[in-house]
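Some notes on the structure that comes next.
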Amino acid sequence: MENFNIPEHVAIILDGNGRWAKKRFMPRTFGHKNGADNVVDICLYAKERGVKYVSLYAFSTENWKRPDEEVGYLMKLIIKFLNDKLRILMNENCKVQFLGNLDILPEATKQICLDTIGKTRNNDGITLNIALNYGGRAELVHAYQKMIEDGVRKEDINEELISSYLYTKGQPDPDLLIRPGGELRLSNFLIYQLAYAELYFTDTLWPDFTRESFDEALEEFARRNRRYGGLS
Ligand code: IPE
Ligand code: IPE
Ligand code: MG
327 MENFNIPEHV AIILDGNGRW AKKRFMPRTF GHKNGADNVV DICLYAKERG
377 VKYVSLYAFS TENWKRPDEE VGYLMKLIIK FLNDKLRILM NENCKVQFLG
427 NLDILPEATK QICLDTIGKT RNNDGITLNI ALNYGGRAEL VHAYQKMIED
477 GVRKEDINEE LISSYLYTKG QPDPDLLIRP GGELRLSNFL IYQLAYAELY
527 FTDTLWPDFT RESFDEALEE FARRNRRYGG LS
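For the sequence shown, this note's numbering assigns the number 327 to the initial residue and increments by one for each residue that follows.
Following this line, the structure appears as structure tokens:
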């Protein structure tokens, strides 16, 4: 596949881990483990293809509704993931950022997130945004609260200013959203930033999502005609 019309920013909803495990008569946590194992490979491939930003939906503000055992497993899995992958992420010049409020995460999970931000902050090969305790509506609430705190005046509010109060400040909006797992919804992911993204849905479950699956999404993206409301 040639390098034409590559999205600068790709957002991915990491969905389908539980069903992947269920199909194998295994606990849902087994699916999460296999899903996590897939993350770096797809990100490195995205980098290889020329993508500059990847945003991954890893844990939503709504996912706290799940059983304590599953939530606890996911919080520990994040620690293991960041510990295990730091070296390769550094070698690949990958900057890791988090989207969402880290303050209410378990202390050890929050700490490793902050450490990872610090250690990767000067990398500029690709930016990896991990959405953790992220919700698009909560992000907007946080942004508006912060604006008021900063004394922003009504006449200063515009779309750029709102963008600058979001967790993705300074980054381009996603061009392409990929949702594996077969559901046709956003589930509160980047609702402001995805306003003009191309949406790509596939039934493939996240742990089965391969480099070839990513290429299929890129090919579909390259075929889309982005009019932004204009003609052509
Ligand atoms: C996505 O997989 C991972 C998280 C939400 C943390 P799911 O756990 O939602 O898997 P399914 O959708 O139940 O298969
Ligand atoms: C979206 O998946 C959230 C993440 C992948 C982190 P969910 O499985 O939570 O979404 P719903 O419940 O199907 O909308
Ligand atoms: Mg799901």
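Think of the CB as a built atom: it goes at the ideal place given N, C-alpha and C, for glycine as much as any other residue.
Which of the three DSSP states, helix, strand or coil, is assigned to residue 514?
coil
Which term fits residue 390, buried or exposed, when burial requires 16 or more other beta carbons within 10 angstroms of its beta carbon?
Within a 10 Å sphere around the beta-carbon of residue 390 sit fewer than 16 other beta-carbons, which makes this residue exposed.
Could you please give the first and the last residue of the uninterrupted alpha helix (DSSP H) stretch that includes residue 421?
No alpha helix (DSSP H) contains residue 421, which is instead part of the beta strand (DSSP E) from 420-425.
Residue 543 and residue 330 - do their beta-carbons sit closer together than 8 Å?
no
Out of curiosity, what's the CA-to-CA distance linking residue 342 and residue 526?
Residue 342 and residue 526 have their C-alpha atoms some 15 Å from each other.
Alpha carbon of residue 353 to alpha carbon of residue 482, nearest angstrom:
Between residue 353 and residue 482, the C-alpha separation is close to 51 Å.
Length of the line joining the Cα atoms of residue 446 and residue 454
10 Å
Neighbourhood of ligand 1 [Cβ distance below 5 Å to any heavy atom], ordered by chain position
341, 342, 343, 344, 345
Going by the CB atoms, is the gap between residue 337 and residue 384 shorter than 8 Å?
no
Bridge partners of residue 460, per DSSP?
Paired residue(s): 386.
Segment limits, beta strand (DSSP E) that includes residue 524:
524-527
For residue 414, count neighbouring Cβ atoms within 10 angstroms of its own Cβ and tell me buried if that reaches 16, exposed if not.
exposed
Roughly how many angstroms lie between the CA atoms of residue 366 and residue 407, to the nearest whole one?
So the alpha carbons of these two residues sit roughly 10 Å apart.
Can you give me the C-alpha to C-alpha distance between residue 418 and residue 480, rounded to a whole angstrom?
So the two alpha carbons sit approximately 43 Å from each other.
Specify the secondary structure class of residue 350 as computed by DSSP and reduced to three states.
coil
Starting from the Cα of residue 504, find the closest Cα among 348, 368, 345 and give me that residue.
368
When the Cβ atoms of the stretch 489-498 are set against those of the stretch 507-514, are three or more pairs found closer than 8 Å?
no
Under the three-state reduction of DSSP, which class applies to residue 366: helix, strand or coil?
helix
Exposed unless 16 or more other CB atoms sit within 10 angstroms - verdict on residue 501:
Per the 10 Å Cβ criterion, buried.
Mind reading off the beta-carbon distance from residue 539 to residue 528? Whole number of angstroms is fine, and I expect it under 8 Å.
7 Å
Comparing C-alpha positions only, which one of 371, 533, 551 sits nearest to residue 522?
551
Residues near residue 430 in its chain [Cβ-Cβ closer than 8 Å; skip 5 each side]
459
In the DSSP assignment, the alpha helix (DSSP H) including residue 412 goes from what residue to what residue?
Residues 394-417.
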